[in-house]
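When you line the sequence shown up against this note's numbering, it's residues 861 to 1539, in that order.
Ideal Cβ positions, reconstructed from N, Cα and C, are used throughout, including at glycine.
This report refers to the structure that appears directly beneath it.
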Amino acid sequence: EEDFEVIDKKELPDAAELRSEEKAKPEEARWSAPILSLAKKASENLALSYGSALKSASLAGLVSKPGSSDSPAKTNTRCHTMEERANLMNMMKLSIKILIQSALSLGRTLDSDFPPLQQFFVVLEHCLKHGLKVKKTFIGQNKSFFGPLELVEKLCPEASDIATSVKNLPELKTAVGRGRAWLYLALMQKKLADYLKILLDHKHLLSEFYEPDALMMEEEGAVIVGLLVGLNVIDANLCLKGEDLDSQVGVIDFSLYLKETQDSDGKQDGGITAVLDQKHYVEELNRHLSCTVADLQNKIDCLEKTNSKLQEELAAATDRIGSLQEEQQQLKQQNELIRERSEKSVEVTKEDTKVELDTYKQSRQGLDEMYSDVWKQLKEEKKIRLELEKELELQIGMKTEMEIAMKLLEKDTHEKQDTLVALRQQLEEVKAINLQMFHKSQNAECSLQQKTEAISSFEGKTNEMMSSMKQMEERLQQAEKARQAAEERCNKMKQELAGRLDSCRQQMAQLDSKCSTLEKELKSEKEQRQNLQKELHQEKDAATLLKTELQQMEGLKKELRKLQDEKQQLKKVREEQEQALQEMGLHLSQSKLKMEDIKEVNKALKGHTWLKDDEATHCKQCKKEFSISRRKHHCRNCGDIFCNTCSSNELALPSYPKPVRVCDNCHTLLLQQCSSNSS
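This is the structure:
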């Protein structure tokens, strides 16, 4: 009922014999001597069980027997395929047995010229070709077993090296040659059974290449994969360069398998099987222990790295927190200084703006009043200018009349012509003076009144001149009658005109002085106006500066708000970092506890050895003596012997595919380890 059996000490070889054999053999072959001896015994035992398969294969010759004429065609084909599968499986068993036996007897690495190895590849090729679907292409029909082998690269990334090396071989031109090269490389890597097992696990992908009743789709394929595991004992060194794998003909040579089988006693078979079982158990236990030790060392290294990283992060976080606190204090001080300065500047600017606004309002009112007065004066001066233009037009008309009269007087007397020329000159001077007065007329109310008085006096004088001109005309008409009277009157007129001219000159001088004073006043007013405009520009610039300062104050307020927000965010970050540090401390404590548990488990695992039945007389846990009713049971984890009650638990171990018997202590330890790993 047990999975393993223990051999007696009598059946094992003595230590002296082993030492003598070790001395006789070189150092490289000492470690493999007991394995080779055990493999020889196992091959001899396998010969008995596979003798019947050899006979059936030799008689059948891989050819199906014809069915009865009474059975239908379907049953014939099914029987035919079943016989083919059975024959191929038996041939595979025989080829693997003979290959292992011959390789162990040879005691070296195998070459591609080794006949059992060649026959093994031929039989394996027949097994892979069984039930292959025929694919139709443009060239013709294609039936190759390299298609299913290409799936291994997709399912197992480790097989990508084999696929790339096969594709890079220039000698291979057919799919059959590539498939044979792939099998050679997989055997050299000792992963042929693993790769084929991956293919069998994905039968839904194999259905594209094989028929439903093919060998790889049935249970025989799984049996063959299990047999291929034994080939991991063999070391092969196959050279693919220079070999013509495309044109090789796969013919099975039955002469290698037609040998006499040797009988052996049942006790020896049982002893060899027990030794092999113990060897496999020790290998699996060593592999399991090495895996666990490597995993534990990796975990310890990872934990040490994480601890160092966490310590560095803690130191960096503490330094950063201190620097952030110092920066926070500096920012607080700067914020307080900025607040005080901004408040003071705001108060000062507010007071200055109030004073400047008051002064601006007052100056603006005075300027508006002055502007309204000047505008009124301009309107009045425009009206006066129009009146003067009208008067000038009248004077021009009078001038023309005077010229006509003077021409008539010139004909009569040269003296009258001189007087008329003088009058013309005086009139032209008056005209020029009037034009100058028109251009320079920007006077005030008092100057306008004086001008109106001067104009009224000038009108009177012009009326008098008109009357005198009329009198002169009358006198000219009467000149012929009385020239003497005319000459006297002319003298009188000259005297009167001279006096009038003096008075007109005096009035014109007064008007010039008044115009100069008015021009000076206008210049002063223009300068005042320019000064006022400059002051207005300065006030506008000051107002813009105040606006910019107000905007800067708003920006400072926003910066203060941002700094406050950053302060709150820094507080949150500090709290989160403190929480993270607390959690990291908890993780560190938990990791330390896990490390201690792992070390205890490792110590417990390192001390485990497989006890023999003769060495144990009492149960290790309950200390009860073994008897016929209380049988001995091995714990598959620690190797000690217990009774049925103390080892009734079962668990799946890494070295066993199915759940096996485990003692209570190992059961609790393994459950704790699984729970800690899952958490």
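Count the other CB atoms within 10 Å of the CB of Ile-1488; is the residue buried (16 or more) or exposed (fewer)?
exposed
Tyr-1231 classed as buried or exposed, judged by whether at least 16 other C-beta atoms fall within 10 angstroms:
exposed
What are the boundary residues of the alpha helix (DSSP H) that includes Val-1036?
1035-1048
DSSP three-state call for Leu-1530: helix, strand or coil?
helix
Compute the beta-carbon to beta-carbon distance between Glu-1031 and Ala-1023, rounded to the nearest angstrom, for a pair I have assumed lies under 8 Å.
Incorrect: roughly 17 Å between the Cβ atoms, too far for contact.
Could you tell me the distance, in whole angstroms, from the CA atom of Glu-1541 to the CA atom of Trp-1470?
Summary: the structure shown does not reach residue 1541, with the chain confined to residues 861 through 1539, and so no result is reported for it.
To which residues of the same chain is Ser-924 closer than 7 Å at the C-beta, ignoring the five residues directly before and after it?
Because Ser-924 sits at a pLDDT of 38, beneath the cut-off of 50, its placement in the model cannot be relied upon, and the following sentence gives the value as read from the coordinates. Same-chain partners within the cutoff: His-940, Glu-943, Glu-944.
If you follow the beta strand (DSSP E) that Leu-1511 is in, where does it begin and where does it stop?
1509-1511
Beta-carbon proximity list for Leu-1045, same chain, < 6 Å, skipping 5 on both sides:
Ile-1022
Is it a yes or a no for the stretch 1437-1444 touching the stretch 1187-1203, going by three-plus beta-carbon pairs under 8 Å?
no
From the DSSP output, read off the bridge partner residues of Leu-992.
Tyr-1070
Pairing CB atoms from the stretch 1076-1088 with CB atoms from the stretch 975-992, are three or more of them under 8 Å?
yes
Let me make sure I understand the geometry here. Which of Gly-1499, Ser-1507, Asn-950, Gln-1310 has the alpha-carbon closest to that of Ile-1112?
Asn-950
Among all the DSSP beta bridges, which residues are the ones paired with His-1064?
According to DSSP, His-1064 bridges with nothing at all.
Judging by CA-CA distance, which residue of Gln-1185, Ala-1265, Leu-959 is the nearest neighbour of Gln-1337?
Ala-1265
Rounded to a whole number of angstroms, what is the C-alpha to C-alpha distance between Met-1262 and Glu-1333?
11 Å
Going by alpha carbons, who is nearest to Lys-1542 out of Gln-1189, Glu-1288, Glu-1196, Ala-1402?
Residue numbering for the chain in the displayed model covers 861 to 1539; residue 1542 lies beyond these limits and cannot be assessed.
Integer-rounded CB distance, given that Arg-1284 should sit under 8 Å from Lys-1321
Wrong, their Cβ atoms sit about 16 Å apart, outside the cutoff.
Ends of the beta strand (DSSP E) at Val-1520?
1520-1522
Cβ contact check for the stretch 1497-1509 and the stretch 1478-1486: 3 or more pairs under 8 Å:
yes
Quick check: Leu-1371 and Thr-1213, are their CB atoms within less than 8 Å of each other?
no
Reducing DSSP to helix, strand and coil, say where Ile-1022 ends up.
helix
Option nearest Ala-1053 by Cα separation, candidates Leu-1382, Met-1076, Leu-1088
Leu-1088
Just how far apart, CA to CA, sit Lys-1352 and Glu-1275?
13 Å
Let's test the definition: count the other Cβ atoms within 10 Å of the Cβ of Asn-947 and tell me whether it reaches 16, buried, or not, exposed.
buried
Any 3 or more C-beta pairs closer than 8 Å across the stretch 971-982 and the stretch 1004-1013
no
Can you check which of these residues, Glu-1249, Val-983, Leu-1227, is closest to Leu-959 by C-alpha distance?
Val-983
Please report the distance separating the alpha-carbon of Lys-809 from that of Gln-1331.
Residue 809 lies beyond the stretch modelled for the chain, which goes from 861 to 1539, so this question has no answer here.
What three-state label does DSSP hand Ile-1112 in the structure shown?
coil
N-terminal and C-terminal residue of the alpha helix (DSSP H) that Glu-1080 is part of:
1079-1088
Just to confirm, is the Cβ distance from Met-1444 to Leu-1170 under 8 Å?
yes
Which residues mark the beginning and the end of the alpha helix (DSSP H) in which Lys-1014 is found?
1006-1015
Leu-1446, DSSP secondary structure in three states:
helix
Under the three-state reduction of DSSP, which class applies to Ala-1282: helix, strand or coil?
helix
Hey, His-1064 and Leu-1015: beta-carbon distance below 8 Å or not?
no
Do you know offhand how far Glu-1253's Cα is from Gln-1310's?
21 Å
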